[in-house]
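Enquirer: At position 314 of the sequence shown the residue is numbered 314 (the UniProt record's numbering), and the sequence of numbers has no breaks.
Note that beta-carbon positions come from the ideal geometry of N, C-alpha and C, so glycine has one too.
Model, not experiment: these values are computed from the prediction.
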Amino acid sequence: MYPDRVVSGMRPTGSMHLGHYHGALKNWIRLQTELPCLFFVADWHALTTHYDDPSVIERSTWDMLIDWLAAGIDPSQSTLFIQSRVPEHAELHLLLSMATPLGWLERVPTYKDQIDNLANKDLATYGFLGYPLLQAADVLIYRASQVPVGEDQVPHIEMMREIARRFNHLYGKEKGFEEKAQEAVKKLGSKRAKLYNELRTDYQQDGKDEALAQAKAMLDDAQSLSLGDRERLFGYLEGSRKLILVEPQARLTEASRLPGLDGRKMSKSYGNAIALREDKESVSKKIKTMPTDPARVRRTDAGDPERCPVWQFHQVYSDLPTREWVAKGCKSAGIGCIECKQPVIEAIIREQEPMHERAQAYLDDPSLVRAIVADGNDVARKLALETMRDVREAMGLAYT
Ligand code: SF4
Numbered sequence: 001m002y003p004d005r006v007v008s009g010m011r012p013t014g015s016m017h018l019g020h021y022h023g024a025l026k027n028w029i030r031l032q033t034e035l036p037c038l039f040f041v042a043d044w045h046a047l048t049t050h051y052d053d054p055s056v057i058e059r060s061t062w063d064m065l066i067d068w069l070a071a072g073i074d075p076s077q078s079t080l081f082i083q084s085r086v087p088e089h090a091e092l093h094l095l096l097s098m099a100t101p102l103g104w105l106e107r108v109p110t111y112k113d114q115i116d117n118l119a120n121k122d123l124a125t126y127g128f129l130g131y132p133l134l135q136a137a138d139v140l141i142y143r144a145s146q147v148p149v150g151e152d153q154v155p156h157i158e159m160m161r162e163i164a165r166r167f168n169h170l171y172g173k174e175k176g177f178e179e180k181a182q183e184a185v186k187k188l189g190s191k192r193a194k195l196y197n198e199l200r201t202d203y204q205q206d207g208k209d210e211a212l213a214q215a216k217a218m219l220d221d222a223q224s225l226s227l228g229d230r231e232r233l234f235g236y237l238e239g240s241r242k243l244i245l246v247e248p249q250a251r252l253t254e255a256s257r258l259p260g261l262d263g264r265k266m267s268k269s270y271g272n273a274i275a276l277r278e279d280k281e282s283v284s285k286k287i288k289t290m291p292t293d294p295a296r297v298r299r300t301d302a303g304d305p306e307r308c309p310v311w312q313f314h315q316v317y318s319d320l321p322t323r324e325w326v327a328k329g330c331k332s333a334g335i336g337c338i339e340c341k342q343p344v345i346e347a348i349i350r351e352q353e354p355m356h357e358r359a360q361a362y363l364d365d366p367s368l369v370r371a372i373v374a375d376g377n378d379v380a381r382k383l384a385l386e387t388m389r390d391v392r393e394a395m396g397l398a399y400t
């Protein structure tokens, strides 16, 4: 119905590290070659937890954009923009808030978890409670078909789908919808119109999902239909409403396999991170001083890689022969820990070399990043306005 599109954002609350790279950015880099992608800096989301000290946000925004570009996000393939530069996100958030039951927000599992995890901050705010709704607006405003998420974020996508469904139900009513939909069916041509009606009956009477999928595919191919008729026929398939907002699908990504230097989740606040653009000397020093299997007190003590965080780095960075060399050498005390760490140090430095090179161009001339983002803001805003025109009209706010 609407073109396939991916939307994803990150909060600018500090510099990016290799955990972000392996956990999210590598996935974005892959996605940008498959589908049109919109990647945004979620500066309003950063404010939901950093409202008392927003100083970090602006600096982190530009650093983060350079990190994305350094990592391999290609502005000729992806649209990069800043959330607050597309104010329609806030408008849709406000409009969705009118009809979103409070209980939907309170039951989002990460809401309570975050409040517990960030116990040092007062998060009993209106903005923090509403952040999943702002996330929904971020995605629905682009009629995104896919959102890359980890397992823990799936409930957020489920909620976005419920919000889109509720919105379409409440505001997709149209005077004379049934008649207009039947007129639109005729425009498919007699053969297709007959098939459409049969598939609609199969789905509505017998709940056949394959009939719904086949009918949707047929509508996708029916290029002669106007956008309005197409929306009607998609809505008519499932009920008697126009589909104004699109229900996105979660695109599951593997959780990051790269832990922090101490084996816990990599996080700047734990002091166990390697920055995406960390210099070589510092990378080498950090890995050399990484904790290892506590049982290997002396070089002659045998160890167990499963008890060592360096082993988890080998899982990400080393090929099979190297991993076999580590496992054998560790268990037999045939290799020392410094020797074991050397291939990891070399692999990280190798991984970061092209990132440093790409970043340098943007550090030398910051106007390049500004220009990429200005273009991205324009592209995103245009798409957002297309949706908002329909949303305003459906809610009686078009004033034409
Ligand atoms: S040899 Fe390697 S895997 Fe074994 S304890 Fe030392 S650093 Fe860890």
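1) On the DSSP letters alone, give me the boundaries of the beta strand (DSSP E) that I82 sits inside.
2) Kindly indicate which residue of R307, G176, L276, A302 has the alpha-carbon position closest to the one of P291.
3) With a threshold of 6 Å (Cβ to nearest heavy atom), would T289 be considered close to the ligand SF4?
4) Are E247 and R161 touching if we call contact CB-CB under 7 Å?
5) Within 8 Å, do at least three Cβ pairs link the stretch 227-242 to the stretch 172-185?
6) Quick check on the DSSP output: what are the complete alpha helix (DSSP H) runs of length 4 or more inside the stretch 166-220, in order along the chain?
7) Quick check: the stretch 336-354 against the stretch 366-383, are at least 3 beta-carbon pairs closer than 8 Å?
8) Could you spell out the range, first to last residue, of the beta strand (DSSP E) harbouring G150?
9) Using the three-state DSSP reduction, which class does M10 fall into: helix, strand or coil?
10) Note down the Cα distance separating R245 from N168, rounded to an integer number of angstroms.
11) Within 10 angstroms of its Cβ, does W294 collect 16 or more other Cβ (buried), or is it exposed?
12) Round the Cβ separation of H50 and T13 to the nearest angstrom and send it over; I've been treating them as touching at under 8 Å.
13) Could you check where the alpha helix (DSSP H) with A371 kicks off and where it finishes?
14) If we count the other Cβ atoms within 10 Å of its Cβ and call it buried at 16 or more, is S7 buried or exposed?
15) So, under 8 Å CB-CB, L105 and G130 are touching, yes? Tell me the CB distance rounded to an integer number of Å.
16) Which term fits P75, buried or exposed, when burial requires 16 or more other beta carbons within 10 angstroms of its beta carbon?
17) For C337, name the three-state secondary structure that DSSP assigns.
18) Do you know whose CA, among K121, H156, V147, S226, lies nearest K180's CA?
19) Between the C-alpha atoms of S15 and A222, what's the straight-line distance to the nearest angstrom?
20) Quick one: what does DSSP say C37 is sitting in, helix, strand or coil?
21) Name, in chain order, the residues that DSSP records as bridge partners for H17.
22) Of the choices F313, Q83, M98, P259, whose alpha-carbon is the least far from that of A374?
23) Could you give the residue range of the alpha helix (DSSP H) that holds A250?
24) Taking the alpha-carbon of C330 as reference, which of V344, R296, R358, L320 has the nearest alpha-carbon?
25) Verify the contact flag: T292, CB atom, against every heavy atom of the ligand SF4, threshold strictly below 6 Å.
26) Do W325 and the ligand SF4 come close, with the Cβ less than 6 Å from some heavy atom?
27) Report yes if the C-beta distance between P155 and R251 is below 7 Å; otherwise report no.
28) Would DSSP call Q312 helix, strand or coil?
29) CB E88 to CB A384, shorter than 7 Å?
30) What residue range is occupied by the uninterrupted alpha helix (DSSP H) comprising R230?
31) Using the Cα positions of D304 and R264, report the straight-line distance between them to the nearest angstrom.
32) Return the residue from the list A137, F128, G19 that minimises the CA-CA distance to D52.
33) Hey, how far is the Cα of P109 from the Cα of T100?
34) According to the neighbour-count rule (16 or more other Cβ atoms, all chains shown, within 10 Å of its Cβ), is N117 buried or exposed?
35) Go ahead and pull the three-state DSSP assignment for Q32.
36) Is the number of C-beta pairs between the stretch 306-322 and the stretch 382-396 that are closer than 8 Å three or more?
Expert: Result, derived from the coordinates:
1) Here residue 82 refers to the residue found at position 82 when the sequence shown is read from its first residue. Annotation for I82: the continuous beta strand (DSSP E) segment containing it runs 78-82.
2) Mapped onto the sequence shown, residue 291 falls at position 291. Put simply, of R307, G176, L276, A302 the residue whose alpha carbon is nearest the alpha carbon of P291 is R307.
3) Sequence index remark: in the sequence shown, residue 289 carries index 289 (1-based). Using a cutoff of 6 Å, the CB of T289 does not count as near the ligand SF4, since none of the ligand's heavy atoms is closer than that.
4) Taking the first residue of the sequence shown as 1, we reach residue 247 at position 247. Taking the first residue of the sequence shown as 1, we reach residue 161 at position 161. Closer than 7 Å, so yes.
5) Contact holds: three or more Cβ-Cβ distances are below 8 Å.
6) Complete alpha helix (DSSP H) runs here, min 4: 177-186, 190-206.
7) Contact check between the stretch 366-383 and the stretch 336-354: fewer than three CB pairs, one atom from each, fall below 8 Å, which does not count as touching.
8) One-based indexing of the sequence shown puts residue 150 at position 150. From DSSP, G150 is part of no beta strand (DSSP E); its letter is neither H nor E.
9) Numbered from 1 along the sequence shown, position 10 holds the residue referred to as residue 10. The answer is strand: DSSP assigns M10 an E or B state.
10) Locating residue 245 in the sequence shown gives position 245, counting from the first residue. Locating residue 168 in the sequence shown gives position 168, counting from the first residue. Looking at the sequence shown, residue 245 is not Arg but Leu. Near 7 Å, if we compare the C-alpha coordinates of N168 and L245.
11) If you number the sequence shown from 1, residue 294 lands on position 294. According to the sequence displayed, residue 294 carries Pro and not Trp. In this structure P294 is exposed. Its beta-carbon is surrounded by fewer than 16 other beta-carbon atoms within 10 angstroms.
12) For the purposes of this step, residue 50 is identified with residue 50 of the sequence shown, where counting begins at 1. For the purposes of this step, residue 13 is identified with residue 13 of the sequence shown, where counting begins at 1. With 8 Å as the limit, H50 and T13 qualify as a contact, their Cβ atoms being about 6 Å apart.
13) As a working note, residue 371 is residue 371 in the sequence shown. From DSSP, the alpha helix (DSSP H) with A371 extends over 367-394.
14) For the purposes of this step, residue 7 is taken as the residue at position 7 of the sequence shown. The amino acid at residue 7 is misidentified as Ser; the sequence shows Val. Answer is buried; the Cβ neighbour count reaches 16.
15) Here residue 105 refers to the residue found at position 105 when the sequence shown is read from its first residue. Here residue 130 refers to the residue found at position 130 when the sequence shown is read from its first residue. That pair is a contact at about 7 Å.
16) Here residue 75 refers to the residue found at position 75 when the sequence shown is read from its first residue. So P75 ends up on the buried side.
17) For this step, residue 337 is matched to residue 337 along the sequence shown. C337 falls in the helix class under three-state DSSP.
18) Stepping through the sequence shown from its first residue, residue 180 is reached at position 180. Across the set K121, H156, V147, S226, the C-alpha of S226 shows the shortest separation from the C-alpha of K180.
19) Start at 1 with the first residue of the sequence shown, and residue 15 comes out as number 15. Start at 1 with the first residue of the sequence shown, and residue 222 comes out as number 222. In a straight line, the C-alpha of S15 is about 47 Å away from that of A222.
20) Taking the first residue of the sequence shown as 1, we reach residue 37 at position 37. It is a strand residue.
21) Residue 17 sits at position 17 when you count from the first residue of the sequence shown. In DSSP, H17 forms a bridge with A275.
22) Residue 374 sits at position 374 when you count from the first residue of the sequence shown. Taking the Cα of A374 as reference, the smallest distance to any Cα among F313, Q83, M98, P259 is reached at Q83.
23) Position 250 of the sequence shown, counted from the first residue, corresponds to residue 250. No alpha helix (DSSP H) contains A250, which is instead part of the beta strand (DSSP E) from 249-252.
24) Here the question's residue 330 lines up with position 330 in the sequence shown. Nearest option by C-alpha distance: R296.
25) The count along the sequence shown starts at 1 and reaches residue 292 at position 292. The ligand SF4 has a heavy atom closer than 6 Å to the beta-carbon of T292.
26) Here residue 325 corresponds to residue number 325 of the sequence shown, with the count starting at 1. Taking non-hydrogen atoms of the ligand SF4 into account, the C-beta of W325 is found less than 6 Å away from none of them.
27) As a first step, residue 155 is located in the sequence shown; it is residue number 155 there, counting from the start. As a first step, residue 251 is located in the sequence shown; it is residue number 251 there, counting from the start. Contact flag unset, no.
28) On the sequence shown, residue 312 is found 312 positions in, with the first residue counted as 1. Here Q312 sits in helix by DSSP.
29) Your numbering for residue 88 matches position 88 in the sequence shown. Your numbering for residue 384 matches position 384 in the sequence shown. Their beta carbons are under 7 Å apart, which means E88 touches A384 by this criterion.
30) By 1-based counting over the sequence shown, the position of residue 230 is 230. Per DSSP, the unbroken alpha helix (DSSP H) holding R230 starts and ends at 227-238.
31) By 1-based counting over the sequence shown, the position of residue 304 is 304. By 1-based counting over the sequence shown, the position of residue 264 is 264. C-alpha of D304 to C-alpha of R264: approximately 18 Å in a straight line.
32) Here the question's residue 52 lines up with position 52 in the sequence shown. Checked all of A137, F128, G19; the closest Cα to D52 is F128.
33) Taking the sequence shown and counting its residues from 1, the one referred to as residue 109 is at position 109. Taking the sequence shown and counting its residues from 1, the one referred to as residue 100 is at position 100. Spanning the alpha carbons of P109 and T100 requires a straight line of approximately 17 Å.
34) Sequence index remark: in the sequence shown, residue 117 carries index 117 (1-based). Result: exposed.
35) Numbered from 1 along the sequence shown, position 32 holds the residue referred to as residue 32. Correct three-state label for Q32: coil.
36) Because the criterion of three Cβ pairs below 8 Å is not met, the stretch 306-322 and the stretch 382-396 do not touch.
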